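S.K.:
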Amino acid sequence: MSDISMSLFADSNIGMRRSINEDSCLIADLETGNSEKPSQLLTHQVGEHGYLMVVSDGMGGAAAGEVASDFAVKTMLEKLLKLTTDRSVADQLREAVETANQRIWNHAEENPELSGMGATLTAIIAYDGKAHVAQVGDSRAYLLRQGVIEQLTKDQSLVQALLDSGMVQPEQAHLIPQNVILQALGTQPAVSAVMTEFELCRNDALIMCSDGLSNKITPEEMVDIIANAPSVEAAGSTMIALANERGGEDNITVIIAKFDGESLSEKTESKRITGNFNAFDKNISYEEAQYIANRYVPPAGSEEVAESEGINAASTGILKMPTTFGGAAAAPEQEAEDETPVIEDAETIAAREAVAQKHNASERKTMMVMWVVAIISLLLLAVVGYLMLKK
0 MSDISMSLFA
10 DSNIGMRRSI
20 NEDSCLIADL
30 ETGNSEKPSQ
40 LLTHQVGEHG
50 YLMVVSDGMG
60 GAAAGEVASD
70 FAVKTMLEKL
80 LKLTTDRSVA
90 DQLREAVETA
100 NQRIWNHAEE
110 NPELSGMGAT
120 LTAIIAYDGK
130 AHVAQVGDSR
140 AYLLRQGVIE
150 QLTKDQSLVQ
160 ALLDSGMVQP
170 EQAHLIPQNV
180 ILQALGTQPA
190 VSAVMTEFEL
200 CRNDALIMCS
210 DGLSNKITPE
220 EMVDIIANAP
230 SVEAAGSTMI
240 ALANERGGED
250 NITVIIAKFD
260 GESLSEKTES
270 KRITGNFNAF
280 DKNISYEEAQ
290 YIANRYVPPA
300 GSEEVAESEG
310 INAASTGILK
320 MPTTFGGAAA
330 APEQEAEDET
340 PVIEDAETIA
350 AREAVAQKHN
360 ASERKTMMVM
370 WVVAIISLLL
380 LAVVGYLMLK
390 K
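Reading the sequence shown from the start, the letters are residues 0 to 390 in numbering that gives the first Met the number 0.
1) If you compare alpha carbons, which of 249, 80 and 247 is closest to residue 49?
2) Rounding to the nearest angstrom, what Cα-Cα distance links residue 243 and residue 84 in this structure?
3) Could you spell out the range, first to last residue, of the alpha helix (DSSP H) harbouring residue 106?
4) Please work out which residues of its chain come closer than 7 Å, Cβ to Cβ, to residue 378, disregarding the five sequence neighbours upstream and downstream, and give them in chain order.
5) So which of 106, 55 and 120 has the shortest CA-CA distance to residue 114?
6) Tell me whether the region 158-168 and the region 183-194 touch, counting them as touching only if at least three CB pairs, one residue from each stretch, are closer than 8 Å.
7) Would you call residue 111 buried or exposed, if buried means 16 or more other Cβ atoms sit within 10 Å of its Cβ?
8) Which class does residue 134 belong to by DSSP, given the choice of helix, strand or coil?
9) Determine, using beta carbons only, whether residue 129 and residue 241 come nearer to each other than 8 Å.
10) Would you call the CB atoms of residue 99 and residue 74 closer than 8 Å?
11) Out of 176, 210 and 231, which one is the CA nearest neighbour of residue 202?
12) What residues match up with residue 117 in a beta bridge as DSSP calls it?
13) Measure how close the beta-carbons of residue 15 and residue 246 come, nearest whole angstrom, since I'm counting them as under 8 Å.
14) Does DSSP put residue 189 in a helix, in a strand, or in coil?
15) In the DSSP output, which residue or residues are listed as bridge partners for residue 207?
16) In this structure, what does DSSP give as the bridge partners for residue 48?
17) Can you tell me whether residue 18 is helix, strand or coil according to DSSP?
18) Since I believe residue 47 is in contact with residue 41 (beta carbons under 8 Å), could you give me their beta-carbon distance rounded to a whole number of angstroms?
19) Between which two residues does the alpha helix (DSSP H) carrying residue 161 extend?
20) Which stretch, first to last residue, makes up the beta strand (DSSP E) that contains residue 6?
21) Going by CA-CA distance only, name the one from 227, 253 and 181 that's closest to residue 215.
22) For residue 367, does the count of other Cβ atoms within 10 angstroms reach 16, so buried, or fall short, so exposed?
23) Using a Cβ-Cβ cut-off of 7 Å (strictly less than) and excluding sequence neighbours within five positions of residue 151, which residues of its own chain qualify?
24) Going by C-alpha to C-alpha distance, which of 261, 102 and 249 sits closest to residue 138?
25) Would you give the residue range spanned by the beta strand (DSSP E) that residue 149 belongs to?
26) Hey, how far is the Cα of residue 72 from the Cα of residue 256?
27) Go ahead and label residue 371 buried or exposed: buried means 16 or more other beta carbons lie within 10 angstroms of its beta carbon, across all protein chains shown.
28) Buried or exposed: which applies to residue 159, given that a residue is buried once 16 or more other Cβ atoms fall within 10 Å of its Cβ?
29) Which term fits residue 217, buried or exposed, when burial requires 16 or more other beta carbons within 10 angstroms of its beta carbon?
30) Give me whichever residues DSSP pairs with residue 27 in a beta bridge.
31) For residue 156, collect the residues of the same chain with a Cβ closer than 6 Å to its Cβ; drop the 5 residues on either side in sequence, then sort them by chain order.
32) Starting from residue 264, follow its DSSP beta bridges and name the residues at the other end.
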């Protein structure tokens, strides 16, 4: 039995605006299979098979998102029970993510009323003094070590892709629709999970959350809350309450795990994270990034005009924008809670843009013909008028 212990807190809150909670979370001992109920404060020894923590944010409207996120967390536990030593933890974790994706995809195919459902997933296995991380979507994981917080995951989202492309600066990111992600479980037959791992140190804290929390609380605020809270339970409860106080438009899920044990290093050299943040390769093209940036980000010095036209993040327009890159908006009667982020690959986007360009070219050609006809008509009228005057 390992001497590594964890103080754990997990909870999922419906928020202030939604009628259903589409988030799911799970904390479970991979040796016994026991999964604890959310909102419990636990001190747990990390067994020889490790400990699993999962956050999943469902999407699809009605009950579809709830179904997808539930599939995600339950499949992860089922596939990872009693980790084997003949294969790497990373391989087993990646395989579990791929299985979860396939099950959600198959279930949606078999149940047309659930078509389009999907879920983000961020999962961490604490095993043998290390944390192994897998991510699909934009639910986040952070490492807090000696008062410094570091984001372990990178959002697989439209706004992050625009930031990476350089088309949008960090101070402009709030102008871009926040609910468009580029990948999720169950929305396509295969996914590419981003994997990373790092050595745990004594007094490390891991924070995992859905975007209902990360969109409301900054990493620096997380540091302050944990530093001033008497326990991880108090810290987690404070974060949820603060997210609700700031609007609570989305479901809010958080897991906090704080580690201790004499076998864990107290040195900071082991802080460096290994793995590949670039494993997710569904990046949008330069042309697509330019098109989207031009659509949502006003030219320098035109902030007042932009805000009056409803594209400032504070306006309803930006928050209710169509979730495709160029598609139609949701029906007016659709409630905000049922909006479904649409995941599209670069080929789909490029194909749609090509169609749009062809349509625009056709419109321009039609306009030119109309102008030519109008000019000829005016000339004919002028000639007729001149001849009549001569008579």
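Yeah, the Cβ is synthetic: ideal placement off N, Cα and C, and Gly gets one too. Bear in mind the structure is a predicted one, so any value in this text is a computation, not a measurement.
M.R.: In short, the structure shows the following:
1) Against the sequence shown, residue 49 aligns to sequence position 50. The shortest C-alpha separation from residue 49 is found at 80.
2) The count along the sequence shown starts at 1 and reaches residue 243 at position 244. The count along the sequence shown starts at 1 and reaches residue 84 at position 85. Residue 243 and residue 84: Cα-Cα distance of roughly 43 Å.
3) The residue labelled residue 106 in the question sits at position 107 within the sequence shown. Per DSSP, residue 106 belongs to the alpha helix (DSSP H) from 88-109.
4) Here residue 378 is taken as the residue at index 379 of the sequence shown, counted from 1. Excluding residues up to 5 positions away in sequence, nothing lies with its Cβ nearer than 7 Å to the Cβ of residue 378 in the same chain.
5) Along the sequence shown, read from residue 1 onward, the residue named residue 114 stands at position 115. If we check each option's Cα against that of residue 114, 106 comes out closest.
6) Judged by Cβ distances under 8 Å, the region 158-168 makes no contact with the region 183-194, as fewer than three pairs qualify.
7) Taking the first residue of the sequence shown as 1, we reach residue 111 at position 112. Classification of residue 111: exposed, given that the 10 Å Cβ count is below 16.
8) In the sequence shown, residue 134 corresponds to position 135, counting from 1. Strand, per DSSP.
9) Taking the sequence shown and counting its residues from 1, the one referred to as residue 129 is at position 130. Taking the sequence shown and counting its residues from 1, the one referred to as residue 241 is at position 242. Residue 129 places its beta carbon 8 Å or farther from that of residue 241.
10) Taking the first residue of the sequence shown as 1, we reach residue 99 at position 100. Taking the first residue of the sequence shown as 1, we reach residue 74 at position 75. Cβ atoms of residue 99 and residue 74: closer than 8 Å.
11) Taking the first residue of the sequence shown as position 1, residue 202 is located at position 203. Ranked by how close their Cα comes to the Cα of residue 202, the residues 176, 210 and 231 have 231 in first place.
12) As a first step, residue 117 must be located in the sequence shown, where it is residue number 118. Bridge partners of residue 117: 58.
13) On the sequence shown, residue 15 is found 16 positions in, with the first residue counted as 1. On the sequence shown, residue 246 is found 247 positions in, with the first residue counted as 1. Indeed they touch by this definition, with Cβ atoms about 7 Å apart.
14) Counted from its first residue, the sequence shown places residue 189 at position 190. The answer is coil: DSSP assigns residue 189 none of H, G, I, E or B.
15) The residue given as residue 207 occupies position 208 in the sequence shown. Paired residues: 140 and 254.
16) Here residue 48 corresponds to residue number 49 of the sequence shown, with the count starting at 1. DSSP lists no beta-bridge partner residue for residue 48.
17) Residue numbering aside, residue 18 sits at position 19 when the sequence shown is read from its first letter. The answer is coil: DSSP assigns residue 18 none of H, G, I, E or B.
18) Counting from 1 along the sequence shown, the entry for residue 41 is found at position 42. Counting from 1 along the sequence shown, the entry for residue 47 is found at position 48. Not quite, the Cβ-Cβ distance comes to about 18 Å (not below 8 Å), so this is no contact.
19) Within the sequence shown, residue 161 is the residue found at index 162, counting from 1. That run of the alpha helix (DSSP H) goes 157-164.
20) Translated into the one-based positions of the sequence shown, residue 6 becomes position 7. Start and end: 4-12.
21) Taking the sequence shown and counting its residues from 1, one reaches residue 215 at position 216. Considering only alpha carbons, the answer is 253.
22) Taking the sequence shown and counting its residues from 1, one reaches residue 367 at position 368. It is exposed - the Cβ of residue 367 has fewer than 16 other Cβ atoms within 10 Å.
23) By 1-based counting over the sequence shown, the position of residue 151 is 152. Same-chain partners within the cutoff: 132, 140, 141, 142, 195 and 272.
24) Within the sequence shown, residue 138 is the residue found at index 139, counting from 1. Considering only alpha carbons, the answer is 249.
25) As a first step, residue 149 is located in the sequence shown; it is residue number 150 there, counting from the start. Taken as a continuous stretch (DSSP letters only), the beta strand (DSSP E) holding residue 149 covers 147-150.
26) Reading the sequence shown from its first residue, position 73 is the one you call residue 72. Reading the sequence shown from its first residue, position 257 is the one you call residue 256. The alpha-carbon atoms of residue 72 and residue 256 are separated by roughly 17 Å.
27) If you number the sequence shown from 1, residue 371 lands on position 372. Answer is exposed; the Cβ neighbour count stays below 16.
28) Start at 1 with the first residue of the sequence shown, and residue 159 comes out as number 160. With 16 or more Cβ atoms within 10 Å of its Cβ, residue 159 is classed as buried.
29) Along the sequence shown, read from residue 1 onward, the residue named residue 217 stands at position 218. It counts as exposed.
30) Your numbering for residue 27 matches position 28 in the sequence shown. 34 and 51.
31) For the purposes of this step, residue 156 is taken as the residue at position 157 of the sequence shown. Cβ neighbours of residue 156 beyond the five flanking positions: 137 and 180.
32) Numbered from its first residue, the sequence shown carries residue 264 at position 265. Note: residue 264 is bridge-paired with 200 in the DSSP secondary-structure output.
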